[in-house]
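The structure under discussion appears below in the form of C-alpha cells.
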Amino acid sequence: MGYLRTLVIVICSLVFFASRTYQLRSYESQVLLQLRKHLEYPLLLDVWQNSSGDLCNLPSTPQLSITCQGNSITELKIMGDKLTKVSEFNGFAVPNQTLSGSFSIDSFVTTLTRLTNLRVLSLVSLGIWGPLPDKIHRLYSLEFMDLSSNFMFGSLPSQMSRMVKLHTLTLDGNFFNASLPDWLDSLPNLTVLSLKNNRLSGPLPSSLSRITTLSDIILPHNALSGKLPDMSALSGLHLLDLRENHFDSELPPFPKGLTTVLLSNNSLSGEIPEQIGKLNQLQHLDMSNNFLSGTPPAALFLLPNMSYLNLASNKLSGSLPESLNCGDALGFVDISDNTLVGRLPSCLSSTSDKRIVKFSGNCLSVDIKHQHLKSYCEEAMTEKKHSKGIALALLVGVIVGIALVVVLLAVGFLIFFRKHRAREIPSLHALPKVVQDNPPTGISSEVLANARIISQAAKLGTQGTPAYHVFSVEELEEATNNFDQSAYLGEGSIGKIYKGRLENGNYVAIRLMAMHRKYSIRNLRLRLDMLSKLRHPHLVTLLGHCVDGGLQDEATVNRLFLVYEFVPCGNFHAHLSETCPEKVLKWSERLAVLIGVAKAVHFLHTGVIPPSSCNRLKTNNILLDEHRIAKLSDYGMSILREEVDKSEAKGDASKSWHMSKLEDDVYNFGFVLLESLVGPIVRGKEEAFLLTEMASFGSQDGRRRIVDPVVLTTSSQESLSIVISITNKCISPESASRPSFEDVLWNLQYAAQVQATADADQRSDATSLS
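Count the sequence shown with my numbering and you get residues 133 to 902, in order.
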C-alpha cells in the first residue's frame with residue numbers, strides 16, 4: 133500500500149508540473165498574441181497566430197526574433213515597416229503613419245510588462261505613439277531596450293530610474309520633447325545612451341558626468357543647449373556625439389579614453405584647450421561650424437591615433453608653427469573658413485601626398501586664389517578685440533556699480549545697527565539653537581564601484597578579427613610555391629589572384645597588382661592603412677599586404693600584393709547558373725545574399741570617413757563562404773587611386789564627383805539585382821538588352837518570359853514586385869532618381885520579410901493538407 137501511495141503521489145506531481153509548464157507557455161503565448169492585437173495585426177506577426185508549435189522555436193529573421201530560457205521569453209525583437217520617413221516602392225508610399233487613434237500605449241505597455249523575464253527588448257518602426265508610461269519600469273530584468281523610429285513624445289518617465297539592470301537605452305528617431313532627466317545616474321550599469329533625432333531641449337544634466345559606466349553618449353539632432361558639463365570622470369567614455377544642438381559654452385575637460393568626439397553645428401566658443409591635445413586615444417574629432425577662437429594647439433595634429441580632424445567654419449586665428457608635426461595616422465584635416473594667417477606648415481602642404489587637407493577661406497600665404505586678403509583677417513581680429521573691449525568695459529561698469537551699492541547698504545546697516553543695538557539684543561538664553569540639517573545623499577560609492585561593466589568585446593564587436601600583417605615577398609612566394617600555375621585562381625577585375633597557404637595553415641587569396649601609376653611607398657602605406665580598417669561581416673577581410681619596391685619612403689612601388697581571407701564556395705554568379713543545378717540559390721537565399729552585400733556597401737558609404745565609392749559591384753565579386761554568407765571582394769579600390777581620379781575636380785565639382793561615384797555603386801548594384809532576377813548575364817543578355825527587357829517585368833507573361841524559373845517557382849508575387857521596383861530605380865538613367873543604399877537595403881529587408889511570411893504560410897498549408 134505504501135508503494136502504491138508513493139507511486140500515485142509521483143504521478144500526480146508529474147501531471148501537476150506538466151500542467152503548470154503548459155500553462156506558463158500558453159500564458160506567454162497569449163501575451164504575444166495580445167501584443168499583436170495592440171499593434172493592429174502587422175503582417176510579420178501572423179506567424180505567431182499560424183504557429184502550431186512552441187513560439188520559442190520559430191526561426192529568427194532580421195525583422196522578428198524570440199529567445200527563450202526555460203519556459204520564459206527573455207528576448208523579443210520586432211522591426212516593423214512604419215518608418216518615420218517616407219520611402220517608396222512599386223509606385224506608392226511605404227506605410228509611415230502611426231498606429232490608429234484607438235491604439236493605447238498604456239494598455240500596450242501593461243501587456244508587455246507581463247513578460248517579466250525579458251532582458252532584451254527591441255520594438256523598432258512599429259508606429260507606437262504616445263508618452264512612454266511610468267509602468268515600463270515593471271520590466272525590472274531589462275538590460276537592453278531599443279524603441280527607435282516610433283512616434284513617442286513627452287519626457288522619459290521618472291520610474292525608469294528603477295530599471296537598474298539596464299545597460300543600453302536607445303530611443304532614436306522619436307519625438308521626445310522634454311529635457312534629459314536628472315535621474316540617469318540611478319542606472320548603475322548604463323553603458324550606451326542614445327536619443328538622436330528627437331526634440332530634446334534644455335541643458336545636459338550634471339548627473340550625466342557621474343555615470344562612470346558610460347561608453348557611448350549619442351544625442352545629435354536635438355535642441356539641447358547651455359553649458360557642456362565636465363565629463364573627465366567618465367573614464368570609460370569612447371564616443372561623444374552632440375552634433376547639431378545649441379550648446380554655447382566653452383569646451384570642458386574631456387576623459388582620456390575618448391576615441392570619437394563630434395560637436396559640429398553648435399555655438400561653442402572660446403579657445404581649444406591644450407588638454408584635448410593629450411587625448412592619445414582620439415581618432416576622430418569634428419568641431420566644425422562653431423565659434424571657437426584662438427590658435428589650435430599644435431599637439432592636436434600630432435596625436436598618435438588621430439585620423440580625422442575637422443575645425444572648419446570657426447573663428448580660429450593666428451598662425452600655425454611652420455615646424456608643426458603631424459601624426460602618421462592623420463589622413464584628413466579641414467581648417468577652412470577661419471581667419472588663420474602665415475604660411476601653411478609643410479605637413480599640411482597641398483604638395484604632401486600623405487593626407488587630404490582643406491584650408492581655403494583663410495588668409496594663408498598659399499593658394500591666393502582661394503584665400504582672403506590678409507587685411508580681412510586683421511580686420512576680423514580688430515573687431516574681435518573691439519567687441520572684447522566693449523564687453524570688458526561693460527563688465528567693469530557692472531562690477532563697480534554693484535560694489536557701490538554694497539558699500540552704501542553696508543554703511544546704512546551699520547548706522548541702523550548702532551542706533552538700535554541696545555534694544556534689539558536679546559538675552560543669551562533666548563537665542564535659538566542652530567541645528568545643521570544633514571546634507572542630501574546621492575548614490576553610494578559602493579553601488580557605483582560594484583556596477584557591472586559590459587565587456588570590450590561586446591561594445592566593439594570586433595572580437596576574433598584577425599590582426600593586420602605586413603608580409604614579405606618571400607612569405608608569399610612560399611605560400612604559393614613561388615606563384616606556381618597550380619595556385620593560380622584567375623584574373624579578377626584588378627590583377628591576378630592566387631591561392632596560398634600560410635605557415636600557420638590558413639588559406640588565403642593573394643591579389644597581385646602591377647602599379648601603373650607612380651606611387652611613393654609612404655603615400656601607398658597611408659592608403660593601405662585606411663583600407664585595412666574596412667572591417668565588416670559581409671566584406672572579404674583584408675589580412676595584410678606586401679609592397680614590392682624600394683626601401684625608402686620616397687621610392688616608387690613596382691608591385692603590390694593584397695592578402696585576403698580565402699572564401700571557399702565560389703561567387704554569386706556561379707550560384708545563379710543553371711549549369712550547376714545543385715548550387716542554384718532559391719529566391720529567399722538570393723535575398724539573403726543581396727541584403728548582406730547591401731549592408732556592406734551601406735557601411736562603405738556611411739560608416740567610414742572618407743566614404744569608399746566605386747566598389748566594383750558585380751556578381752563575380754560577391755563570394756559565398758561555407759555557410760553561404762555573402763562577402764564582397766574588390767571593394768575600397770577607390771582609396772588607392774582617389775587622389776589621381778580627383779585631381780581635376782575642384783570645389784563644388786568635387787562634391788558632384790563624389791556623389792556620382794556613390795550613385796555608380798547604386799547603378800551597378802541594380803545590375804546585381806537584375807542578375808538575381810533573370811539569372812547570370814551571358815551572351816545575348818548584355819546590359820542594353822536587359823534594359824530593354826525591363827519593360828517586360830510589368831506583366832505576368834513578361835515576367836514568365838524573362839525571370840529565372842527558379843525565382844518564379846520559389847518567390848511570392850509581392851516579394852518579387854518589391855525587388856523589381858527597386859531594381860528599376862537603381863538602373864534609372866537619371867542619377868537623381870536613384871535611391872540611396874539605405875532605401876535599397878530597407879526594400880530588400882522588406883521583400884525578405886514578405887517572402888518569409890509567404891514561405892511560412894505555404895508550410896502551414898502543406899501541413900494542413902498532409
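All residues carry an ideal CB built from backbone N, CA and C; glycine is no exception.
Span separating the alpha-carbon of residue i from that of residue j
i: Leu448; j: Leu456; result: 16 Å
i: Gln885; j: Lys665; result: 32 Å
i: Ile642; j: Leu749; result: 20 Å
i: Gly608; j: Leu634; result: The amino acid at residue 608 is misidentified as Gly; the sequence shows Leu. Spanning the two alpha carbons is a distance of roughly 8 Å.
i: Arg722; j: Gly212; result: 22 Å
i: Leu351; j: Arg375; result: 7 Å
i: Thr248; j: Ser280; result: 21 Å
i: Asn800; j: Leu660; result: 25 Å
i: Pro841; j: Arg760; result: 21 Å
i: Val733; j: Ile268; result: 37 Å
i: Asp766; j: Gly739; result: 18 Å
i: Lys410; j: Ser367; result: 14 Å
i: Phe803; j: Asp466; result: 37 Å
Residues near residue i by beta carbon distance below 8 Å, same chain, minus five either side
i: Ile237; result: Ile260, Trp261, Gly262, Pro263, Leu264, Pro265 and Met284
i: Asn437; result: Thr391, Asn412, Gln413, Leu414, Gln415, Gly459 and Ala461
i: Arg152; result: Note that Arg152 has pLDDT 37, beneath the 50 cutoff, so the model's placement of it is unreliable and the number below is only indicative. Cβ within range, chain order: n/a, list empty.
Test item: CB-CB of residue i and residue j under 8 Å
i: Ser896; j: Asn189; result: no
i: Ala611; j: Gly632; result: yes
i: Phe491; j: Ser468; result: yes
i: Ile408; j: Pro429; result: yes
i: Leu325; j: Leu346; result: yes
i: Leu253; j: Leu231; result: no
i: Asn442; j: Asp418; result: yes
With 16 other Cβ atoms within 10 Å as the buried cut-off, status of residue i
i: Pro477; result: buried
i: Pro174; result: buried
i: Asn306; result: buried
i: Ala444; result: buried
i: Ile534; result: exposed
i: Thr889; result: buried
i: Arg815; result: Confidence in Arg815 is poor, its pLDDT being 40 and thus under 50, which makes the residue's placement too unreliable to answer from.
i: Lys209; result: buried
i: Pro571; result: With a pLDDT of 33 at Pro571, under the threshold of 50, the modelled position of this residue cannot be trusted, and the question is left open.
i: Gln415; result: buried
i: Val241; result: buried
i: Asn690; result: exposed
i: Asp616; result: exposed
i: Ile500; result: exposed
i: Lys169; result: exposed
i: Gly202; result: exposed
i: Ala646; result: exposed
i: Glu556; result: Caution is warranted here: a pLDDT of 38 is assigned to Glu556, below 50, making its placement in the model unreliable, and the coordinate value is therefore given only provisionally. Glu556 is exposed by the Cβ-count criterion.
i: Gln832; result: exposed
i: Arg487; result: buried
i: His601; result: exposed
beta-carbon residue i near the ligand GTP non-hydrogen atom, thresh 7 Å
i: Leu231; result: You won't find the ligand GTP in this model; it holds no ligand whatsoever.
Nearest-angstrom beta carbon gap, residue j and residue i [assumed within contact, 8 Å]
i: Val695; j: Leu675; result: 5 Å
i: Pro337; j: Leu369; result: Not quite, the Cβ-Cβ distance comes to about 16 Å (not below 8 Å), so this is no contact.
i: Leu394; j: Phe379; result: That belief does not hold up - the Cβ atoms of Leu394 and Phe379 are roughly 12 Å apart, past 8 Å.
i: Ala365; j: Ser381; result: Actually they do not touch by this definition, with Cβ atoms about 18 Å apart.
i: Ser745; j: Asp797; result: 6 Å
i: Lys718; j: His707; result: So it is not a contact: roughly 10 Å between Cβ atoms.
i: Leu332; j: Leu312; result: 6 Å
i: Phe693; j: Leu644; result: 6 Å
i: Cys701; j: Leu756; result: 4 Å
i: Arg251; j: Glu275; result: 5 Å
i: Gln881; j: Pro194; result: 6 Å
Other residues of its chain near residue i: CB distance less than 6 Å, five sequence neighbours each side excluded
i: Glu511; result: none
i: Ser293; result: Trp315 and Ser318
i: Gly426; result: Glu403
i: Lys628; result: Leu644
i: Pro812; result: His705, Leu708 and Ser709
i: Pro743; result: His737
Close beta carbons around residue i, own chain, < 7 Å, minus the five adjacent residues each side
i: Asp784; result: Bear in mind that a pLDDT of 44 at Asp784, under 50, signals an unreliable position, so the model cannot answer this.
i: Asn752; result: Asn703 and His705
i: Asn613; result: Ala619
i: Thr199; result: Thr206 and Glu207
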